[in-house]
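Student: Every letter in the sequence shown is one number past the one before it in our numbering, and letter 134, counting from 1, is 157. Every residue gets a Cβ at the ideal spot worked out from N, C-alpha and C, and that includes glycine. Got a structure for you, questions after.
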Amino acid sequence: MKFPAQRLADRIKLIFQKKGQVLLEVLLAVLIFSIITLAAINLLFYSIQAQQRRFEQNAAYSLLRECFEAVRHVRDTDFSLLQNGTFGLNFSSGNINLVAGNEIIDNKYTRAITISDIFRDNDLNIADTGTLDLHSKKAICEISWKPAHLPPRQINSQSILTNWQNNTLGDNLTTEFNQGTLNSVEIINSETPPENNGAITLSVIFSPSGFTSSVKLEAAANDVEVQSNYAFIAVDSNTKGFQVVDISDPQNPSLVKSLNIQTRGACIDIKDNYAFIGTKQASKSLVIVNIADPLNPQIIKTINLGATINDISIKDNFAYLAVENMLRGMIIMDISDPLNPQKRGEALTLGSVNSIAVRDNYAYLANEHMLTGLMTYDISDPDNPESIDVDFIYGKGKGITLSDNKAYMAVDNNTNGLAVISLNELANPQYIRSIDIEAAGFRVDVFGDFIFVSTDKNNAGIAILDKSEDDLNPDFLFAQDIQGKGRGFIAAGEYIYMATTNSNRGFVIIGPPVEEFAVSGDFTSRIFDTGSLTTVYYNLFVSYLNSPGGNLKFQIRTANSYTDLLSTEFIGPDATNTSYYTNPFTKILLPGTPTTPRYFQYRAYFTGDSNSSPILNELQFNFRNN
Numbered sequence: 024m025k026f027p028a029q030r031l032a033d034r035i036k037l038i039f040q041k042k043g044q045v046l047l048e049v050l051l052a053v054l055i056f057s058i059i060t061l062a063a064i065n066l067l068f069y070s071i072q073a074q075q076r077r078f079e080q081n082a083a084y085s086l087l088r089e090c091f092e093a094v095r096h097v098r099d100t101d102f103s104l105l106q107n108g109t110f111g112l113n114f115s116s117g118n119i120n121l122v123a124g125n126e127i128i129d130n131k132y133t134r135a136i137t138i139s140d141i142f143r144d145n146d147l148n149i150a151d152t153g154t155l156d157l158h159s160k161k162a163i164c165e166i167s168w169k170p171a172h173l174p175p176r177q178i179n180s181q182s183i184l185t186n187w188q189n190n191t192l193g194d195n196l197t198t199e200f201n202q203g204t205l206n207s208v209e210i211i212n213s214e215t216p217p218e219n220n221g222a223i224t225l226s227v228i229f230s231p232s233g234f235t236s237s238v239k240l241e242a243a244a245n246d247v248e249v250q251s252n253y254a255f256i257a258v259d260s261n262t263k264g265f266q267v268v269d270i271s272d273p274q275n276p277s278l279v280k281s282l283n284i285q286t287r288g289a290c291i292d293i294k295d296n297y298a299f300i301g302t303k304q305a306s307k308s309l310v311i312v313n314i315a316d317p318l319n320p321q322i323i324k325t326i327n328l329g330a331t332i333n334d335i336s337i338k339d340n341f342a343y344l345a346v347e348n349m350l351r352g353m354i355i356m357d358i359s360d361p362l363n364p365q366k367r368g369e370a371l372t373l374g375s376v377n378s379i380a381v382r383d384n385y386a387y388l389a390n391e392h393m394l395t396g397l398m399t400y401d402i403s404d405p406d407n408p409e410s411i412d413v414d415f416i417y418g419k420g421k422g423i424t425l426s427d428n429k430a431y432m433a434v435d436n437n438t439n440g441l442a443v444i445s446l447n448e449l450a451n452p453q454y455i456r457s458i459d460i461e462a463a464g465f466r467v468d469v470f471g472d473f474i475f476v477s478t479d480k481n482n483a484g485i486a487i488l489d490k491s492e493d494d495l496n497p498d499f500l501f502a503q504d505i506q507g508k509g510r511g512f513i514a515a516g517e518y519i520y521m522a523t524t525n526s527n528r529g530f531v532i533i534g535p536p537v538e539e540f541a542v543s544g545d546f547t548s549r550i551f552d553t554g555s556l557t558t559v560y561y562n563l564f565v566s567y568l569n570s571p572g573g574n575l576k577f578q579i580r581t582a583n584s585y586t587d588l589l590s591t592e593f594i595g596p597d598a599t600n601t602s603y604y605t606n607p608f609t610k611i612l613l614p615g616t617p618t619t620p621r622y623f624q625y626r627a628y629f630t631g632d633s634n635s636s637p638i639l640n641e642l643q644f645n646f647r648n649n
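In structure tokens form, the structure reads like this:
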């Protein structure tokens, strides 16, 4: 039997034991949290380092290419300036000069150009000793730099520079390369001089993004707008006509709010903290929602305009409504006071209006009527909009957007789904052409060099075009399957946010097109005429840069007539179609007959790893006519 004092002592001991255990658990939790936090910080640090290393390497390759362009310029200016030694570059007074010593660039990179003599053996091959080639020099360019927290890095390449004599032919200008045949390669502009300096790389190709995420809305969606970390969606539902999706993590968007606006949402635009929702019910044409708190939106106004609304375009203090009514297809609302908007003007449009875009004092209407697909109005007086131009665009106008001095219109035409319109004169738009996007267009938007068109095709809901080369004649790249027809959308930041007709994927986020190089291609030169049937060929001189994971090689063919040349196969130095010229300076070997052919042609073969491409800057060959 224990006395009371003994029992009290035991209880105190037990309490202290439990407190020690709790303290140990707390310390262990703190340690685990610290390890996880440190790991995350390290991962972020290394990710930033990797991006910086890629940036530095790309910059180094640009400096390497600039080096050879500059050295070629010095050669073409005066070959005698290529003296043996180590040099940097000096760009002054519009000239390019070699200056003794290394060149420091941006306090980061060191560039060294080493010029040395060329010696040849009895077969004209480059050798360590032999006959000094008075008409050639070797140039080695090296770029070195010190990445943060890593050992020093360097890249280098070499080229043979030849003092071209009269009997030299070849390509290095864009006008010359353009006379050849391109297969999965493209001509790019190089730094001048000379004027029209060109080069050839593997073609840049685009493919659909591998990234797509979606949200189930339990109804088809009609339109979407984005503000901050939220997407606000007009939904084709009588009980959930307005929905809010959190897009702060584009890979995992989540529906955070549904609001019953007592009708189906058809379109949406946003001004400040207010969403203006056009609906599919004439007695509730326009619903205004306060979205200051996206998780708790509040209806503040419902307006009866006696018609349904297809699109809304807000500019300054006015909302321009595309109306499903041929007698008043456009209604202008003063929304300077969102709590008390006022109708200002209407426009007779001879057809329902599906979409509106506004610039300065002009509104451009995508019209449902086949003969009046594009209508232009002067809206300088919002109370009395005036029709000033009508254009036929080979289909019903469905959506319209403006970019620079162009308008792009989605058209309800299965073979001409996009119309291109010039706005050089805002009051007098000019239809330029239609583009086949393999489906009828519905809505259109421009982001950077790309045009996005939502379509009426279930397995190709969005079409993407590239306007970087010619914005009046954009290239159709591809159509992407979003598992539903595309509706209204917006391109913002790095993503396209789109409404679809698929209730299980009513809202979709799509990544931008993936840009990469073709992995192989070839360039076949123009046919060169030496002017003589007694031509002796000497050497190929090539200036090019290989890329990581890629290379460049060449074959030639010759003949005594143009016709014979076209049926002759390309061969390499051992006279077979399986061998290739690979060195910057190579003796031309012509086994067989004819031995002194008049016509000459080369083909360059490119390979790459999709991330980069070899670059052919120049190919020349020299010869003598006996």
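Comparing C-alpha positions only, which one of Thr185, Leu184, Gly233 and Gly153 sits nearest to Gln503?
Tutor: Checked all of Thr185, Leu184, Gly233 and Gly153; the closest Cα to Gln503 is Gly233.
Student: Going straight from the alpha carbon of Pro620 to that of Ala483, what length do you get?
Tutor: So the two alpha carbons sit approximately 54 Å from each other.
Student: Starting from the N-terminal side, write out each stretch of the beta strand (DSSP E) that is 3 residues or longer and does not extend beyond the stretch 218-269.
Tutor: Counting only runs of 3 or more, we get 221-225, 227-230, 235-238, 244-250, 253-258 and 265-269.
Student: Kindly indicate the opening and closing residues of the alpha helix (DSSP H) around Glu126.
Tutor: Segment Glu126 to Ile128 is the beta strand (DSSP E) holding Glu126; no alpha helix (DSSP H) there.
Student: Does the stretch 537-545 come into contact with the stretch 274-284, if we say contact requires no fewer than three beta-carbon pairs (one atom in each stretch) closer than 8 Å?
Tutor: Touching, no.
Student: Identify every residue that forms a DSSP beta bridge with Cys290.
Tutor: Beta-bridge pairing links Cys290 to Gly301.
Student: So what's Ala171 in DSSP terms, helix, strand or just coil?
Tutor: Coil, per DSSP.
Student: Going by alpha carbons, who is nearest to Leu642 out of Asp632, Gly631, Tyr625 and Gly288?
Tutor: Checked all of Asp632, Gly631, Tyr625 and Gly288; the closest Cα to Leu642 is Tyr625.
Student: So, for Arg351: in the same chain, excluding its five sequence neighbours on each side, which residues have a beta-carbon less than 6 Å away from its beta-carbon?
Tutor: Result list for Arg351: Glu369, in chain order.
Student: Ignoring anything shorter than 3 residues, give me the beta strand (DSSP E) runs that lie fully in the stretch 416-454, in order along the chain.
Tutor: Counting only runs of 3 or more, we get 419-426, 429-435 and 441-445.
Student: Any idea what DSSP makes of Ser308, helix, strand or coil?
Tutor: In the structure shown, Ser308 sits in coil (DSSP, three-state: anything other than H, G, I, E or B).
Student: Here's the rule: buried if 16 or more other CB atoms are within 10 angstroms of the residue's CB, otherwise exposed. What is Ile71?
Tutor: In this prediction, Ile71 has a pLDDT of 49, which is less than 50 and means its spatial position is unreliable; what the coordinates show is noted afterwards. The residue in question, Ile71, is exposed, as its Cβ has fewer than 16 Cβ neighbours within 10 Å.
Student: Quick check: what's the CA-CA separation for Ile335 versus Phe475?
Tutor: Those two C-alpha atoms are separated by around 19 Å.
Student: Can the beta-carbon of Leu344 be found closer than 9 Å to that of Gly301?
Tutor: Their beta carbons are under 9 Å apart, which means Leu344 touches Gly301 by this criterion.
Student: At which residue ranges does the stretch 324-379 contain complete beta strand (DSSP E) runs of 3 or more residues, listed in the order of the chain?
Tutor: Whole beta strand (DSSP E) segments, 3+ residues: 332-338, 341-346, 353-357 and 365-370.
Student: Counting only the same chain and skipping the five closest in sequence on each side, list residues whose C-beta sits under 6 Å from that of Phe470.
Tutor: Same-chain partners within the cutoff: Ala514.
Student: Considering only residues of the same chain and omitting the five flanking positions on each side of Ser180, which have a CB-CB separation below 8 Å?
Tutor: Only Leu87, Phe91, Ile163, Cys164, Leu568 and Asn569 meet the Cβ criterion.
Student: In angstroms, rounded to a whole number, what distance separates the CA positions of Ser236 and Asn245?
Tutor: Their Cα atoms are separated by approximately 18 Å.
Student: With a threshold of 16 other CB atoms inside 10 Å of the CB of Ala257, please say whether the residue is buried or exposed.
Tutor: With 16 or more other Cβ atoms within 10 Å, it is buried.
Student: Beta-carbon within less than 7 Å of Arg143's beta-carbon, same chain only, minus the 5 sequence neighbours each way: which residues are those?
Tutor: Result list for Arg143: Ile149, Ala150, Gly153, Thr154 and Asp156, in chain order.
Student: Grab the span of the beta strand (DSSP E) containing Thr185 for me, first residue to last.
Tutor: Start and end: Arg176 to Thr185.
Student: How long is the line joining the alpha carbons of Thr372 and Pro405, rounded to whole angstroms?
Tutor: Roughly 16 Å between the two C-alpha positions.
Student: Rounded to the nearest angstrom, what separates Ser213 and Asn220 at their Cα positions?
Tutor: So the alpha carbons of these two residues sit roughly 5 Å apart.
Student: Look at the alpha carbon of Ala20 and the alpha carbon of Asp101, and state the distance between them as a whole number of angstroms.
Tutor: This structure does not reach residue 20, given that the chain is present from 24 up to 649, and the question cannot be answered.
Student: List the residues that DSSP assigns as beta-bridge partners of Asn648.
Tutor: According to DSSP, Asn648 bridges with Thr558.
Student: Where do the ends of the beta strand (DSSP E) carrying Phe470 lie?
Tutor: Note, Phe470: beta strand (DSSP E), Gly464 to Phe470.
Student: Excluding the 5 residues flanking Asn186 on each side, which residues of the same chain have their C-beta closer than 6 Å to its C-beta?
Tutor: Closer than 6 Å at Cβ, skipping near neighbours: Phe102 and His158.
Student: Nearest to Gln321 by alpha carbon, out of Gly595, Phe465 and Ala298?
Tutor: When only C-alpha atoms are compared, the closest one is Ala298.
Student: Between the alpha carbons of Thr601 and Ala627, how many angstroms are there, rounded?
Tutor: Their Cα atoms are separated by approximately 14 Å.
Student: Given Ala433, which residues of its chain have a CB within under 6 Å of its CB, disregarding the five upstream and five downstream residues?
Tutor: Here the set comprises Lys421, Gly422, Gly464, Phe465, Arg466, Val467 and Val476.
Student: Which runs of the beta strand (DSSP E) spanning at least 3 residues fall entirely within the stretch 498-546, listed in chain order?
Tutor: Entirely contained in the stretch 498-546, the beta strand (DSSP E) runs reaching 3 residues are, in chain order, 498-503, 509-515, 518-523, 530-533 and 537-540.
Student: Once the 5 residues before and after Asp489 are set aside, which same chain residues still bring their CB inside 7 Å of it?
Tutor: Excluding residues within five positions, the ones whose Cβ falls inside 7 Å are Phe229, Asp472, Phe473, Pro497, Asp498 and Leu500.
Student: Mapping the DSSP letters down to three states, classify Leu104 as helix, strand or coil.
Tutor: Of the three classes helix, strand and coil, the one that applies to Leu104 here is helix, per DSSP.
Student: Report the three-state DSSP secondary structure of Thr395 (helix, strand or coil).
Tutor: DSSP places Thr395 in helix when its eight states are reduced to three.
Student: My output table needs one value for Leu66: the three-state DSSP class, helix, strand or coil.
Tutor: Because the pLDDT at Leu66 is just 46, under 50, the model does not fix this residue reliably, and the point stays unresolved.
Student: If you run the structure through DSSP and keep just helix, strand and coil, what is Arg95?
Tutor: In this structure, Arg95 counts as helix in the three-state DSSP scheme.
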